[in-house]
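Data block below; observations after.
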DNA sequence: ACAAAAGTGTTCCTTTTACACCCATGA
DNA sequence: TCATGGGTGTAAAAGGAACACTTTTGT
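Protein chains in written order, with the numbering used here: chain A, 223 to 450; chain B, 223 to 450.
Structure follows, in structure tokens:
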């Protein structure tokens, strides 16, 4: 019997691009590497694939290890497989990306500030491996995705103002949006619940909203909604 | 010095979903497996990743092996990594998909009809491994992509009629489109060259068109074009 | 009283949709 | 001459873009 099989020639890791949003800016979770290769450099949270898990589970496990949070929705981005991307040996990585509210998903207390932090997007330090490229791919993907799905809600706290939502879209798309048109369009989609609460700020109070996932799911069922 | 490294635990393959278009229907290239596992079953063309190549190069190599054609544009789809997806051992596969004109890219002569064929999409046989799932993922991706990029041209011969282009869109989207509106919209994009040739058919002659890649690239440079 | 953000409506223009007729050709 | 597909135009509706003023609040 002829059997087609070739033994493993490469290790496999997963790397997670966790994207957060705070003070009107996008952030990415970075970890300082404690071991070689690339010891001392900043890098994306990642880890080796174990024998009994899929890459999706591995990504969840890695995420939980760094943030303590389970069940964040992550999406596969791409495999990075350059032959020399890891100096220790052939290592392929499967990149994932996830959107999280960095308030809801703080770092594990065990991580010192010097070992992990939310880095503002336009202040990325030098990164190990090909992680800069992975982040760029994640951002391109995010900009594409947000045109099709109202991803933004995963990046905001449960209750948010329309202004916060708009600032998020502007941060992701890198453009300015007309306040009135933005509000009208979002309201027309009927995926927001207006709450009986307001957010006190320096000026006039702003209504708080929450995301109506049921209504959104119905929208999706009838074909995707185009946004902004 | 602490070094973080874990030896390989899984083999890696690439599998290619080659999508063609003929007689108004989408087709997928299938290969009959000659070796175990899954010997005798139909499956996607695929192969093991070699030590000196990226997954993209492996996909190109596999494609060339089966069709004799180099340099087809392929896109990474997703990694499939279920622990038991291959009975011989742990094997992850990186799925790719590519659009080809099945006229331009025939099978290698060395492949007998019984070993490889272009299978109509709605007549897929039972497939080995998780290849049915891979095909479904490719089709979902194709439907999404074609809304954003005029992928269709890669599936048609160099010279085509507007009707052929419309039928392709209808096959991919699974809907009927208004002939007049479709023609107007495509022409308005100015990515078609009207040729001085006609296609003789059973009835009135139809103008032939070719795809104007330069014009399309300019469109893309100014933000994506939404289609149909 | 003023600075800063919240909130609201209207107009114009572009795009999308729906729909009907004449033309050329081969059988 | 008729059946089949090629080719065109228009009107109504919907959606998107542009734009200005009033309200509330803290300082």
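Built from N, CA and C at the ideal position, the CB exists for glycine as well.
Residue span of the alpha helix (DSSP H) that contains residue i, given as start and end
i, result
"residue 394/A", "384-395"
"residue 247/A", "No alpha helix (DSSP H) contains residue 247/A, which is instead part of the beta strand (DSSP E) from 247-254."
"residue 277/A", "277-289"
"residue 378/B", "From DSSP, residue 378/B is part of no alpha helix (DSSP H); its letter is neither H nor E."
"residue 232/A", "Careful: residue 232/A lies outside any alpha helix (DSSP H) and carries neither H nor E."
"residue 201/B", "Nothing can be reported for residue 201/B: it is not among the residues displayed for chain B, which extend from 223 to 450."
Residue i, DSSP secondary structure in three states
i, result
"residue 359/B", "helix"
"residue 342/A", "strand"
"residue 439/A", "helix"
"residue 224/B", "coil"
"residue 430/B", "strand"
"residue 300/A", "strand"
"residue 508/A", "The shown model of chain A, from 223 to 450, leaves out residue 508/A, and the question about it has no answer."
"residue 354/B", "helix"
Nonlocal neighbours in the same chain, by C-beta distance under 7 Å from residue i, ignoring five residues either side
i, result
"residue 281/A", "236, 238, 296, 318"
"residue 399/B", "388, 391, 392, 450"
"residue 427/B", "420, 421"
"residue 365/A", "394, 395"
"residue 363/A", "299, 319"
"residue 230/A", "none"
"residue 246/B", "389, 393"
"residue 272/B", "280"
C-beta atoms of residue i and residue j nearer than 7 Å
i, j, result
"residue 393/A", "residue 248/A", "yes"
"residue 267/A", "residue 243/A", "no"
"residue 383/B", "residue 407/B", "no"
"residue 493/A", "residue 414/A", "With chain A running from 223 to 450 in the structure shown, residue 493/A is simply not present."
"residue 367/A", "residue 361/A", "no"
"residue 304/A", "residue 276/B", "yes"
"residue 350/A", "residue 443/A", "no"
"residue 234/A", "residue 314/A", "yes"
"residue 359/A", "residue 285/A", "no"
"residue 232/A", "residue 226/B", "no"
"residue 307/A", "residue 344/A", "no"
"residue 320/B", "residue 294/B", "yes"
"residue 474/A", "residue 347/A", "This structure leaves residue 474/A out entirely; chain A is present only between 223 and 450."
"residue 441/B", "residue 341/B", "no"
Element boundaries [beta strand (DSSP E), containing residue i]
i, result
"residue 349/B", "No beta strand (DSSP E) contains residue 349/B, which DSSP labels as neither H nor E."
"residue 419/B", "414-421"
"residue 315/A", "313-321"
"residue 472/B", "It is not possible to answer for residue 472/B, since the shown part of chain B is limited to 223 through 450."
Own chain residues within Cβ distance below 6 Å of residue i, not counting five before or after
i, result
"residue 316/B", "236, 277, 301"
"residue 270/A", "235"
"residue 376/A", "321"
"residue 405/A", "384"
8 Å CB neighbourhood of residue i in its chain, flanking five on each side removed
i, result
"residue 379/B", "323, 325, 326"
"residue 357/B", "239, 250, 266, 346, 349"
"residue 261/B", "255"
"residue 417/B", "381, 429, 430, 431, 432"
"residue 355/A", "302"
"residue 434/B", "412, 413, 414, 415"
Any non-hydrogen atom of the ligand COA closer than 6 Å to residue i Cβ
i, result
"residue 239/A", "What this structure holds is no ligand at all, so the ligand COA is not there to describe."
Q: Report the residues of the stretch 224-236 of chain A with a CB closer than 7 Å to any CB of chain B, ordered along the chain.
A: Taking 7 Å as the Cβ-Cβ cut-off against chain B, the residues of the stretch 224-236 of chain A that qualify are 224, 225, 226, 227, 228, 229, 230, 231, 232, 233, 234.
Q) According to a CB-to-CB cut-off of less than 8 Å, which residues of the stretch 286-303 of chain A neighbour chain B? A) The stretch 286-303 of chain A vs chain B, Cβ under 8 Å: 298, 300, 301, 303.
Q: Taking only beta carbons into account, state which residues of the stretch 309-326 of chain B come closer than 9 Å to chain A, listed in chain order.
A: If you check each beta-carbon in the stretch 309-326 of chain B against every beta-carbon of chain A, the ones closer than 9 Å belong to 310, 311, 312, 313, 314, 316.
Q. According to a CB-to-CB cut-off of less than 7 Å, which residues of the stretch 239-250 of chain B neighbour chain A?
A. Residues passing the 7 Å Cβ filter: none.
(Q) Which residues of the stretch 418-430 of chain A have a Cβ closer than 9 Å to any Cβ of chain B? Give them in chain order. (A) Within the stretch 418-430 of chain A, no residue qualifies.
Q | Contact set between the stretch 273-285 of chain B and chain A, restricted to residues whose Cβ is under 8 Å from the partner | A | Taking 8 Å as the cut-off between beta carbons, the residues of the stretch 273-285 of chain B near chain A are 273, 274, 275, 276, 277, 278, in sequence order.
Q) In the stretch 352-373 of chain B, which residues sit with their C-beta less than 7 Å from some C-beta in chain A, listed in chain order? A) Listed in chain order, the positions of the stretch 352-373 of chain B with a beta carbon within less than 7 Å of a beta carbon of chain A would be empty, since no residue qualifies.
Q: Please list the residues of the stretch 376-409 of chain B that have a C-beta atom closer than 9 Å to any C-beta atom in chain A, keeping them in chain order.
A: Listed by position, the residues of the stretch 376-409 of chain B near chain A (Cβ gap below 9 Å) amount to none.
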